[in-house]
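Asker:
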Amino acid sequence: MIQKNTAWQFLLVPLLVYGVVIVYPFVQTLYLSLTNWDGVSQAYDFIGLRNYRGVFTDPNFRGAIYHNIIWVMIFLLVPTVLGLILAVLLDRGVPGAVFFKSVIYLPMIFSYVIIGMIWNFIYEPRIGILNMVIRLFGNPEWNYAWLAQKETALLAIIFAASWQHTGLCMILYLAGLSGVRQDLIEAARIDGAGGRQIFFRVVLPQLKNSTVVVVSLTIINSLKNFDLVYITTKGGPYRSSEVLTTLMYRESFWNYRMGYGSAVASVLFIIVFIVVYFYFRSVMREDHRE
Amino acid sequence: MNSRNRSGRTAAVFTFALVVLICLLFFIPIYGAFTTAFRLNRDIIREGFWNFPLPPTFENFITVWEDGKIRLFLLNTVIVTVSATVLSIFLGSLTGYAFGKMSFKGSRTLYILIVAGMFFPPQIVLIPLFGLFNNLDLLDTVRSLILVHVGFGLPICTLMMTNFFKDIPSSLRQSAMLDGCNDWQVLFRIMLPLARPSLTALLILQFTWIWNDFLWPLILIKSEFRMTIQMGILQLRGQYGLAWGNQAAGALIATIPTLLLFIFMQRHFIHGLSMGAVKE
Chain X
1 MIQKNTAWQF
11 LLVPLLVYGV
21 VIVYPFVQTL
31 YLSLTNWDGV
41 SQAYDFIGLR
51 NYRGVFTDPN
61 FRGAIYHNII
71 WVMIFLLVPT
81 VLGLILAVLL
91 DRGVPGAVFF
101 KSVIYLPMIF
111 SYVIIGMIWN
121 FIYEPRIGIL
131 NMVIRLFGNP
141 EWNYAWLAQK
151 ETALLAIIFA
161 ASWQHTGLCM
171 ILYLAGLSGV
181 RQDLIEAARI
191 DGAGGRQIFF
201 RVVLPQLKNS
211 TVVVVSLTII
221 NSLKNFDLVY
231 ITTKGGPYRS
241 SEVLTTLMYR
251 ESFWNYRMGY
261 GSAVASVLFI
271 IVFIVVYFYF
281 RSVMREDHRE
Chain E
291 MNSRNRSGRT
301 AAVFTFALVV
311 LICLLFFIPI
321 YGAFTTAFRL
331 NRDIIREGFW
341 NFPLPPTFEN
351 FITVWEDGKI
361 RLFLLNTVIV
371 TVSATVLSIF
381 LGSLTGYAFG
391 KMSFKGSRTL
401 YILIVAGMFF
411 PPQIVLIPLF
421 GLFNNLDLLD
431 TVRSLILVHV
441 GFGLPICTLM
451 MTNFFKDIPS
461 SLRQSAMLDG
471 CNDWQVLFRI
481 MLPLARPSLT
491 ALLILQFTWI
501 WNDFLWPLIL
511 IKSEFRMTIQ
521 MGILQLRGQY
531 GLAWGNQAAG
541 ALIATIPTLL
551 LFIFMQRHFI
561 HGLSMGAVKE
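Top to bottom, those sequences are chains X and E. Under the working numbering, the first sequence has 2 at position 2, and the numbering climbs by one with no breaks. Under the working numbering, the second sequence has 348 at position 58, and the numbering climbs by one with no breaks.
Below is the structure:
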């Protein structure tokens with residue numbers, strides 16, 4: 001059949017928007033990271049890699065990277081494993097499974113502003129629920145400020161974020177479990193395999209694809225998070241909960257070091273790019289095999 | 291056989307108890323915030339965030355609502371969310387149709403370039419977009435917010451619509467074209483009406499994300515009367531300081547739209563999330 005190729009008519013406007021909002025600004029970020037722009041002046045100098053040298057010798061940057069690594073590790077442990085366990089339990093037809101799933105999903109619809117507030121009701125030193133429980137079962141004088149102490153601020157934030165992230169992990173694992181072959185499980189059971197063996201040897205290997213997705217999304221989400229930190233601690237106290245995104249925001253919009261902030265943003269991009277690259281590669285390889 | 295049966299039952303009871311326990315722990319934070327909205331501040335300060343509000347008071351809601359600002363915040367958010375949601379899904383249908391049903395050179399590369407945007411941290415383009423809108427005199431406008439959300443929504447909309455159009459048999463398009471339809475007519479008259487499930491899932495996802503967004507208004511909006519609800523809630527938190535009840539009431543009001551979507555369309559919400567992430 002002869003048909004005129006009209007694809008460009010469909011792509012023109014979307015690509016224009018995408019170019020204006022994402023592609024062009026992204027190239028500009030890379031460029032600005034080589035300058036000393038302050039965000040206000042029209043003039044600025046090209047200073048080569050000096051921002052990057054500054055970034056890598058900045059203790060605040062190293063702190064932020066370190067906090068991001070902690071975040072990723074806890075995120076890979078707590079919500080991911082919890083999501084997997086819940087998915088396996090609820091997939092087995094526990095009575096009321098639909099209701100229980102909804103409870104775990106529910107935090108996903110809250111904004112980080114609301115989550116910050118909700119968890120403030122938990123962490124509040126005097127009347128927060130956490131300290132009330134500790135006072136009830138232990139020290140009656142206990143009024144620790146979880147978000148205001150540099151030892152616990154970061155952990156308290158990550159915990160609140162984990163609470164929200166578990167639902168997504170569970171959804172992805174439930175989707176994976178629906179594709180697990182029941183006949184293999186039956187066969188293993190007939191061969192006398194126990195529940196634990198079946199899970200680790202039969203079910204888990206079949207969830208490999210889901211795991212790739214969960215792990216990638218978990219890493220990216222933990223690197224992306226800005227809102228919750230900004231809302232609860234703004235990176236404090238004493239930068240103890242500073243992450244790459246808040247560092248970038250602070251340097252750019254508070255200290256007017258847009259060039260430096262762009263360098264931090266570029267580093268963030270490189271890290272995310274590596275994760276996304278591996279993600280796409282493994283997803284596509286699976287596609288190819290089918 | 292009997293003992294095995296019994297151990298199976300014990301395991302089932304144990305599983306059930308474990309699920310109940312985890313779900314209870316998950317629900318505690320929501321319970322605390324929810325009940326706080328219906329209690330008087332003096333009671334909260336005296337008893338903490340724990341007691342059930344008996345009888346519940348609606349005073350917090352009245353205070354927050356009468357103040358008037360929250361109504362403006364809500365209106366702004368509705369304008370941004372509805373227009374950006376509709377526009378991004380519309381543009382995503384166009385790209386989805388092009389990638390899913392037409393073949394052209396560079397289609398695969400372009401598709402990956404757009405879909406990869408799903409993972410793109412918005413913070414990376416914060417500075418240039420701030421500068422761009424500053425130069426265009428669009429800082430502190432609702433239009434700038436809409437544009438940004440359409441751009442960032444395009445990847446997921448493209449992904450889901452492409453997957454949808456790929457699954458529709460090409461013979462449908464060909465026979466419509468033999469009847470004299472062009473591609474635009476095929477898309478709008480024949481294909482989009484079939485796309486209801488994908489469109490609904492996207493509608494919910496996009497609405498929730500844009501409604502909940504905090505970063506872009508923080509960067510782009512300066513005037514109080516143009517703020518969206520998430521910024522507004524933070525503002526109210528500052529204004530009401532230790533007025534926990536008012537804070538919680540404001541937060542609950544801000545959550546009602548997404549909560550309603552979740553309650554009535556949970557299936558589509560879940561479908562959208564798992565589709566968006568699992569399918570390449």
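The beta-carbon is built from N, C-alpha and C at its ideal position, and this holds for glycine as well. Predicted model, so just to flag it, every value in this text is computed and none were measured.
How would you label E/Asn472, buried or exposed, when you count the other beta carbons within 10 angstroms and need 16 or more for buried?
Answerer: Exposed, since its Cβ has fewer than 16 Cβ neighbours within 10 Å.
Asker: Tell me where the alpha helix (DSSP H) around X/Lys208 begins and ends.
Answerer: X/Lys208 -> alpha helix (DSSP H) spans Lys208 to Lys224.
Asker: Between E/Lys391 and E/Phe455, how many whole angstroms is the CB-CB distance? I'm expecting something under 8 Å.
Answerer: Correct: roughly 5 Å between the Cβ atoms.
Asker: From the DSSP output, which residues share a beta bridge with X/Phe46?
Answerer: In the DSSP output, where bridge partners are listed per residue, X/Phe46 has X/Thr35.
Asker: Give the interface partners of E/Phe328 over in chain X, defined as CB-CB distance under 7 Å, in chain order.
Answerer: Chain X residues near E/Phe328: none, gap ~14 Å exceeds 7 Å.
Asker: The alpha helix (DSSP H) with X/Pro79 in it runs from where to where?
Answerer: First-last of the alpha helix (DSSP H) with X/Pro79: Pro59 to Asp91.
Asker: Please return the same chain residues whose Cβ sits closer than 6 Å to the Cβ of X/Ile85, not counting the five positions on each side in sequence.
Answerer: Result list for X/Ile85: empty, nothing under 6 Å.
Asker: Report yes if the C-beta distance between X/Gln164 and X/Ile198 is below 8 Å; otherwise report no.
Answerer: For X/Gln164 and X/Ile198, no; Cβs fall outside 8 Å.
Asker: Would you identify the three-state DSSP class for X/Phe121, choosing helix, strand or coil?
Answerer: X/Phe121: helix per DSSP, three-state reduction.
Asker: So, with DSSP's three-state summary, where would you put X/Tyr144?
Answerer: It is coil, neither helix nor strand.
Asker: What in chain E is Cβ-close to X/Gly128, meaning under 8 Å?
Answerer: Neighbours of X/Gly128 on chain E, chain order: Gly338 and Phe339.
Asker: Could you tell me the alpha carbon to alpha carbon distance between X/Phe280 and X/Ile158, rounded to whole angstroms?
Answerer: If I take the Cα positions, the gap works out to 27 Å.
Asker: What is the residue span of the alpha helix (DSSP H) that E/Ile360 lies within?
Answerer: First-last of the alpha helix (DSSP H) with E/Ile360: Lys359 to Lys391.
Asker: Locate the alpha helix (DSSP H) running through E/Glu337, then write down its first and last residues.
Answerer: Asn331 to Glu337 is the extent of the alpha helix (DSSP H) around E/Glu337.
Asker: What three-state label does DSSP hand X/Glu242 in the structure shown?
Answerer: Of the three classes helix, strand and coil, the one that applies to X/Glu242 here is coil, per DSSP.
Asker: Please confirm whether E/Glu570 has its beta-carbon closer than 8 Å to some beta-carbon of chain X.
Answerer: Note on E/Glu570: pLDDT 39, under 50, position unreliable in the model; the coordinate value appears next. Yes - at least one Cβ of chain X is within 8 Å of the one on E/Glu570.
Asker: Can you tell me whether E/Phe328 sits near the ligand NAD, meaning its C-beta is under 7 Å from at least one heavy atom of the ligand?
Answerer: Among the components modelled here there is no ligand, and therefore nothing to report on the ligand NAD.
Asker: Counting Cβ pairs closer than 8 Å, one from the region 485-501 of chain E and one from the region 228-242 of chain X, do we hit at least three?
Answerer: Judged by Cβ distances under 8 Å, the region 485-501 of chain E makes no contact with the region 228-242 of chain X, as fewer than three pairs qualify.
Asker: Considering only the alpha carbon of each residue, which of X/Tyr144, X/Val283, X/Arg257 and X/Thr245 lies closest to X/Trp71?
Answerer: With distances taken between Cα atoms, X/Trp71 lies closest to X/Thr245.
Asker: Does any residue of chain X bring its CB to less than 8 Å from the CB of E/Gly470?
Answerer: No, its Cβ sits nowhere closer than 8 Å to a Cβ of chain X.
Asker: Does any residue of chain X have a CB that is nearer than 8 Å to the CB of E/Met481?
Answerer: Cβ-Cβ to chain X under 8 Å: no for E/Met481.
Asker: Less than 8 Å between C-beta atoms, sequence neighbours within five positions excluded: which residues of the same chain meet that for X/Val88?
Answerer: Result list for X/Val88: Tyr173, Leu177, Phe199 and Val203, in chain order.
Asker: Note down the Cα distance separating E/Pro507 from E/Leu435, rounded to an integer number of angstroms.
Answerer: The alpha-carbon atoms of E/Pro507 and E/Leu435 are separated by roughly 7 Å.
Asker: Is it the case that the Cβ atoms of E/Ala516 and E/Asp457 are separated by a distance below 8 Å?
Answerer: According to the sequence as given, residue 516 of chain E is Arg; it is not Ala. Not closer than 8 Å, so no.
Asker: Mind listing the chain X neighbours of E/Pro319? Cutoff is C-beta to C-beta under 9 Å, in chain order.
Answerer: The answer, in chain order, is Pro107, Ile115, Ile118, Trp119, Phe121, Ile122, Ile129, Ala160 and Trp163.
Asker: At a Cβ threshold of 8 Å, is X/Gly138 touching chain E?
Answerer: No, because no Cβ of chain E sits closer than 8 Å to the Cβ of X/Gly138.
Asker: Between E/Asn425 and chain X, is any beta-carbon pair separated by less than 8 Å?
Answerer: For E/Asn425, the answer is no, since every Cβ of chain X falls outside 8 Å of its Cβ.
Asker: Where E/Cys447 and E/Val370 are concerned, what is the direct C-alpha to C-alpha distance, given to the nearest angstrom?
Answerer: The straight-line gap from Cα to Cα measures roughly 17 Å.
Asker: Check the Cβ-Cβ distances between X/Ala7 and every residue of chain E, and say whether any is below 8 Å.
Answerer: Interface residue, yes.
Asker: Taking Cβ to Cβ, would you say E/Phe497 is nearer than 8 Å to E/Leu551?
Answerer: Closer than 8 Å, so yes.
Asker: Counting only beta-carbon separations shorter than 8 Å, does X/Ile22 have a partner in chain E?
Answerer: Taking Cβ atoms only, chain E reaches closer than 8 Å to X/Ile22, which makes this a yes.
Asker: Reducing DSSP to helix, strand and coil, say where E/Asp473 ends up.
Answerer: If DSSP states are grouped into helix, strand and coil, E/Asp473 belongs with the helices.
Asker: With a CB to CB cut of under 6 Å and the five nearest residues on each side skipped, what residues in its chain are close to E/Leu449?
Answerer: Here the set comprises Val405.
Asker: Would you identify the three-state DSSP class for E/Phe394, choosing helix, strand or coil?
Answerer: It is coil, neither helix nor strand.
Asker: Tell me the rounded alpha-carbon separation between X/Gly96 and E/Arg557.
Answerer: Taking the straight line joining both Cα atoms gives about 16 Å.
Asker: Can you name, in chain order, every residue of its own chain whose Cβ lies under 7 Å from the Cβ of X/Trp37, other than the five neighbours on each side?
Answerer: The answer, listed in chain order, is Tyr44, Met258 and Gly259.
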